[in-house]
Every structure is written in structure tokens, then in C-alpha cells.
Amino acid sequence: MVLHDMNQAIRYSDRIIVMKEGRIVGEGAPESVMTEEMIMATYQVKVAVKSDEQSGLYMVPVGI
4 MVLHDMNQAI
14 RYSDRIIVMK
24 EGRIVGEGAP
34 ESVMTEEMIM
44 ATYQVKVAVK
54 SDEQSGLYMV
64 PVGI
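FYI, the numbering for the sequence shown is 4 to 67, going by the working numbering.
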């Protein structure tokens with residue numbers, strides 16, 4: 004499945020591939036790939052990666 008919404012990708016995927024300009028820059032389990040550093044390096048967007056019992060892992064934009 005292809006998802007462009009990062010929070011949906013985290014929630015519904017066992018494995019994620021992060022791409023930039025047609026190249027794979029990250030691959031693996033959501034909790035290991037979808038880090039604040041990866042999102043900043045790939046998309047130049049500052050996010051906070053959070054987690055709670057009900058929602059699991061999710062991201063929120065910071066400073067927009």
C-alpha cells in the first residue's frame with residue numbers, strides 16, 4: 004500500500020520505506036524509521052514523534 008500521510012503510514016504499516024527524490028533513504032519498522040531526525044533530513048519539516056497507549060506512535064508538526 005502507498006500512503007503519503009505519515010501518521011496513517013505509521014499506524015497501518017509493519018514496514019515503511021521513506022523516499023526522497025526517487026531514492027530510498029530509510030526502510031524498516033515505523034518506530035525505527037519515522038524519527039524526528041529522519042523527517043527533518045528528508046522533508047525539512049520539524050516534527051515531534053509522540054506515543055501513547057491509545058494512539059500508538061504519531062507525529063505532530065512543530066513550529067509551523
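Glycine included, every Cβ here is placed at the ideal spot set by N, Cα and C.
Looking at Q11, D17, V5, A32, the one whose alpha-carbon comes closest to that of M62 is Q11. Following the DSSP letters along the chain, one finds V52 inside the beta strand (DSSP E) bounded by residues 50-55. Assignment of V5 by DSSP, reduced to helix, strand and coil, places it in the coil class. Burial check for P64: the Cβ neighbour count within 10 Å stays below 16, so the residue is exposed. Residue range 59-64 is occupied by the beta strand (DSSP E) that includes M62.
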